[in-house]
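Taking full-length UniProt numbering, the leading residue of the sequence shown gets 1, the next gets one more, and so forth.
Where a beta carbon is used, it is the ideal one built from N, C-alpha and C, also for glycine.
Structure first, then comments.
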Amino acid sequence: YKALQLKPDDHQAWYNRGIALGNLGRLDEAIASFDKALQLKPDEEIYINNRNEALKEKENR
């Protein structure tokens, strides 16, 4: 989270936060982080894929 405090427009940091939160099972927060990463870099396919995976996992709970 420190990276985002220093540079809140860092799409890679938002993506990494999404991965970490997803690994902790905090899917709503992970999805929100992926959304922010996609706002900053909308054409990044890995961000889209991981967001979709988090959404699927959330639906299956």
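Quick check: what's the CA-CA separation for residue i versus residue j?
| i | j | result |
| --- | --- | --- |
| Leu4 | Asn60 | 30 Å |
| Arg17 | Ala30 | 7 Å |
| Pro8 | Leu24 | 22 Å |
| Ala13 | Glu57 | 22 Å |
Among the options, which residue has its Cα nearest to the Cα of residue i?
| i | options | result |
| --- | --- | --- |
| Leu55 | Glu44, Asp43, Ala32 | Ala32 |
| Leu38 | Ile19, Arg51, Leu6 | Arg51 |
| Asp10 | Asn49, Pro42, Glu57, Lys58 | Pro42 |
What does the Cβ neighbour count give for residue i, buried or exposed, with the cut at 16 atoms within 10 Å?
| i | result |
| --- | --- |
| Gly22 | buried |
| Leu27 | buried |
| Lys2 | exposed |
Residue ranges of each alpha helix (DSSP H) within the segment 2-47, 4 or longer | As summarised for the segment 2-47, the continuous alpha helix (DSSP H) elements at least 4 residues long and confined to that stretch are 2-6, 11-23, 27-40, given in chain order.
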